[in-house]
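Notes for the one structure printed next.
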Amino acid sequence: MVIIFSLTCCLIGLAVAAYFYFSSTKPYSRNVSLLNKIELIRDGINVYHTWQVYSFSYYCIFFALLLTSIYYGFYNSISWQVPFAFIAGIIITALVIYLATFITLNTQKKMIMQQVGKTIFNQAFMGAATVGIMSVCLSFLGVLFIYSVFGVDFLVHYALGSSLVAVFSQINGGIFSKAFEIGSQIVKKESDKLKENDERNPSVWGERVSVCTVSVGGRISSMIMSYLFSLIGTIMVINQFSTLKQISKPLSQQLINYPFILFGVGILAVILGIAFSLVQFSYTPLQKIIWGMYLTIIITAATVFLVNYIYPLQILTKISINNQYSVFWSVILGLIGAIIVSIVSEYYGSSANAPVKDIAEKSQYSPVNTILGGFRVGMKSMFIPIISIGIVIYLANMVGGTFAIGLSGVGMLSIVGTIIAGHVYSAIINNAKVLNSMGQSSNELVREYNKLDSFGDTTHSVSLGYSSIISFLSSLIILLVLGLQLKDSFSMRYDYVAVFVIIGALVPYLFAYFIIKGINATSIKAYQQSYGQLKNIPYLMENKTTPDIKSLVKNVLRKAQVYTFAPSAFSLLFPLVIGLAYGKAMLFVFLLGSLVSGLLLVIIFTNTGGLLYNVKKYIEAGNFGGVGTPTYQSSTIASMLGTPIKDAIAPSIDVLIKVMFVFSLIISPLFG
0 MVIIFSLTCC LIGLAVAAYF YFSSTKPYSR NVSLLNKIEL IRDGINVYHT
50 WQVYSFSYYC IFFALLLTSI YYGFYNSISW QVPFAFIAGI IITALVIYLA
100 TFITLNTQKK MIMQQVGKTI FNQAFMGAAT VGIMSVCLSF LGVLFIYSVF
150 GVDFLVHYAL GSSLVAVFSQ INGGIFSKAF EIGSQIVKKE SDKLKENDER
200 NPSVWGERVS VCTVSVGGRI SSMIMSYLFS LIGTIMVINQ FSTLKQISKP
250 LSQQLINYPF ILFGVGILAV ILGIAFSLVQ FSYTPLQKII WGMYLTIIIT
300 AATVFLVNYI YPLQILTKIS INNQYSVFWS VILGLIGAII VSIVSEYYGS
350 SANAPVKDIA EKSQYSPVNT ILGGFRVGMK SMFIPIISIG IVIYLANMVG
400 GTFAIGLSGV GMLSIVGTII AGHVYSAIIN NAKVLNSMGQ SSNELVREYN
450 KLDSFGDTTH SVSLGYSSII SFLSSLIILL VLGLQLKDSF SMRYDYVAVF
500 VIIGALVPYL FAYFIIKGIN ATSIKAYQQS YGQLKNIPYL MENKTTPDIK
550 SLVKNVLRKA QVYTFAPSAF SLLFPLVIGL AYGKAMLFVF LLGSLVSGLL
600 LVIIFTNTGG LLYNVKKYIE AGNFGGVGTP TYQSSTIASM LGTPIKDAIA
650 PSIDVLIKVM FVFSLIISPL FG
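With numbering that gives the first Met the number 0 as the guide, the letters of the sequence shown map in order to residues 0 to 671.
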């Protein structure tokens, strides 16, 4: 019955997503120039996906050989369900990324064909809502299918398949994206005839491609990983409890059903919250999105209370939880954590608030002041979210132990569809604004795009802050599963604990090294390719022809892919070597060190990078002299540091740590 309810929620969500996509206004302008620009981006996206699939196939072969050798080496066999669940995770996550990319592009096409400013927000947010709801529903459907057909044991293999797609999408994509952004600035510096976002600059078109493929697809894959980890991790925690407490299967099923109910309810709440955001009240677009998210949280809380009342869990007493509403309070704690993180991220990310304005003022003196200001405020901004999540975990543990910690993560992740929609909205608006600036637009339309882009920067900051915290919480749930597997055999030498905590803490910095190295080398490649086209393609500087987007994307992407293998391999080899050599307890300690270190590094990079980027956008809007002033030049230099650390390095570390965790969970039975 619960599976049918969850399946129904998914189907309703997909139907609503389809309605949003197909009911949005069709393009009625026949501006051939703008249509050609969209098709140029589409060509680049097609090349990007083709080469990603080609390279990913080799990556999968390597991983399949590694996994097969592990299973045959220790078990002398491998169940056919393992590769099936693994491949299902790959296919569904890849499908989500592919659909999200083209929904984003087609939404931009509809927007730039409009000549009326007031319709732009709804057009953009309907496209973003389509992506948000579709991503969550398809991912949840995959979990429902694997669980219904194969049971709990193979869910982790589904998560691993999804994780590997996210690794390739985020690391490759992050390096690819930032290479074009930096390369574009180098090309502009070399040629004084080019301005910001000049359509003659080939790297500008590489950036437009990367917004659709990486800013959307890469970030979605990371959030989907957290979504899956939270659900699957909580189910596995319940499964471990059932084994330890010797609970019968029918009673255990009651607990396992609960996360499915919560995620189903979350889909319905997301739909209602997004519908609110699209209603034409007298709110600004940013207020509509933020209040739509809060409404989603309120609906989720109310529905969870109702479900908790209707669906009593008699089994709770068997896992030392004496109050039935402990489950409700666990979810509420997660939702409160989501609210706090969102408020803090909005405050530090919005150009209307003091942090961005303060750093912008410092930009009048030098780029060093801008960068130092960004790191200063970025470090300060991490305190409230981290302390809040620490309190949520502590209170959840008091309310209901490990099970309640898992449910608090489920509560926080239940609204992820709304967060994805807010993030995709910022990408859609940003690309549409740049494309619109290449055409002949009215002053009213330009002002509308600038205003909506400013709101998009804030929703982007909220999504980044939220993504960092949910990543930590979802990884913690996986770590709890490993902790429960240790049972009472958790004995270790204290000197070993110190050593492996330090080694674990070092790993995120090693990952960051590889990503920075990749961005550095690939940005030079992007510059060389772009500058070469400017010199060698006739009439390109006269704007009478277009860049060769296909060869540009292909060559830069292939360069980026060179730097993906090493961090990916280390994320698999570290847990395997440590587990085999020192056992499950030391692996647990190693992962704990990497989780805490990675959390701090990711949040500092994310918040600092977001601040530096938004400072540039704030000055770009005309403050402190605007474009062309030394202040703007300072903010541009700082932004060139900020965007790689927030959009490539931080999410790549996040994804690699999650892969390390899920792989550790799969191989942990080998270590006794």
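Every residue, glycine too, gets a C-beta built ideally from N, C-alpha and C.
Element boundaries [alpha helix (DSSP H), containing residue i]
{"i": "residue 567", "result": "564-581"}
{"i": "residue 372", "result": "366-380"}
{"i": "residue 175", "result": "172-189"}
{"i": "residue 18", "result": "1-22"}
{"i": "residue 434", "result": "415-436"}
{"i": "residue 556", "result": "548-561"}
{"i": "residue 94", "result": "80-111"}
{"i": "residue 628", "result": "No alpha helix (DSSP H) contains residue 628, which DSSP labels as neither H nor E."}
{"i": "residue 657", "result": "649-666"}
{"i": "residue 135", "result": "119-149"}
{"i": "residue 669", "result": "It is not in any alpha helix (DSSP H) - residue 669 carries neither H nor E in the DSSP assignment."}
{"i": "residue 162", "result": "154-166"}
Residue i versus residue j - alpha carbon distance
{"i": "residue 563", "j": "residue 415", "result": "27 angstroms"}
{"i": "residue 619", "j": "residue 228", "result": "39 angstroms"}
{"i": "residue 607", "j": "residue 378", "result": "7 angstroms"}
{"i": "residue 15", "j": "residue 605", "result": "32 angstroms"}
{"i": "residue 404", "j": "residue 307", "result": "17 angstroms"}
{"i": "residue 391", "j": "residue 188", "result": "49 angstroms"}
{"i": "residue 471", "j": "residue 226", "result": "12 angstroms"}
{"i": "residue 460", "j": "residue 210", "result": "16 angstroms"}
{"i": "residue 675", "j": "residue 612", "result": "What the structure shows of the chain is the stretch from 0 to 671, and residue 675 is not part of that stretch, so it cannot be assessed."}
{"i": "residue 17", "j": "residue 97", "result": "16 angstroms"}
{"i": "residue 159", "j": "residue 223", "result": "12 angstroms"}
{"i": "residue 269", "j": "residue 10", "result": "14 angstroms"}
{"i": "residue 300", "j": "residue 50", "result": "44 angstroms"}
{"i": "residue 212", "j": "residue 220", "result": "11 angstroms"}
{"i": "residue 412", "j": "residue 469", "result": "7 angstroms"}
{"i": "residue 155", "j": "residue 231", "result": "7 angstroms"}
{"i": "residue 121", "j": "residue 7", "result": "27 angstroms"}
{"i": "residue 33", "j": "residue 565", "result": "40 angstroms"}
{"i": "residue 600", "j": "residue 517", "result": "18 angstroms"}
{"i": "residue 55", "j": "residue 558", "result": "14 angstroms"}
{"i": "residue 406", "j": "residue 169", "result": "27 angstroms"}
{"i": "residue 515", "j": "residue 552", "result": "20 angstroms"}
Integer Cβ distance of residue i from residue j, believed to fall under 8 angstroms
{"i": "residue 12", "j": "residue 142", "result": "No, residue 12 and residue 142 are not in contact; Cβ-Cβ is about 14 angstroms, not under 8 angstroms."}
{"i": "residue 426", "j": "residue 179", "result": "Not a contact, Cβ separation roughly 15 angstroms."}
{"i": "residue 258", "j": "residue 610", "result": "Going by Cβ atoms, the distance from residue 258 to residue 610 rounds to 35 angstroms, so no, they are not a contact pair."}
{"i": "residue 464", "j": "residue 592", "result": "In fact, because the Cβ distance is near 23 angstroms, the residues do not count as touching under 8 angstroms."}
Residue i, DSSP secondary structure in three states
{"i": "residue 207", "result": "helix"}
{"i": "residue 214", "result": "helix"}
{"i": "residue 352", "result": "coil"}
{"i": "residue 389", "result": "helix"}
{"i": "residue 537", "result": "coil"}
{"i": "residue 283", "result": "coil"}
{"i": "residue 35", "result": "helix"}
{"i": "residue 196", "result": "coil"}
{"i": "residue 617", "result": "helix"}
{"i": "residue 278", "result": "coil"}
{"i": "residue 545", "result": "coil"}
{"i": "residue 362", "result": "coil"}
{"i": "residue 336", "result": "helix"}
{"i": "residue 331", "result": "helix"}
{"i": "residue 324", "result": "coil"}
{"i": "residue 77", "result": "coil"}
For the structure I just gave you, are there three or more beta carbon pairs, one from the region 545-552 and one from the region 631-651, closer than 8 angstroms? no
Is the region 378-394 touching the region 622-629 in the sense that three or more CB pairs, one from each, lie closer than 8 angstroms? no
So, does the region 289-301 touch the region 338-345, judging by three or more C-beta pairs under 8 angstroms? yes
Contact between the region 351-369 and the region 203-222: three or more CB pairs below 8 angstroms? no
Do the region 516-533 and the region 184-199 touch if we need at least three Cβ pairs shorter than 8 angstroms? yes
For the region 568-580 against the region 656-663, are there 3 or more C-beta pairs whose distance is under 8 angstroms? yes
Three CB pairs or more closer than 8 angstroms across the region 42-62 and the region 445-463: no
Sufficient close CB pairs (3 or more, under 8 angstroms) joining the region 85-93 to the region 160-176: yes
Does the region 200-210 come close enough to the region 577-586 that 3 or more CB-CB pairs lie under 8 angstroms? no
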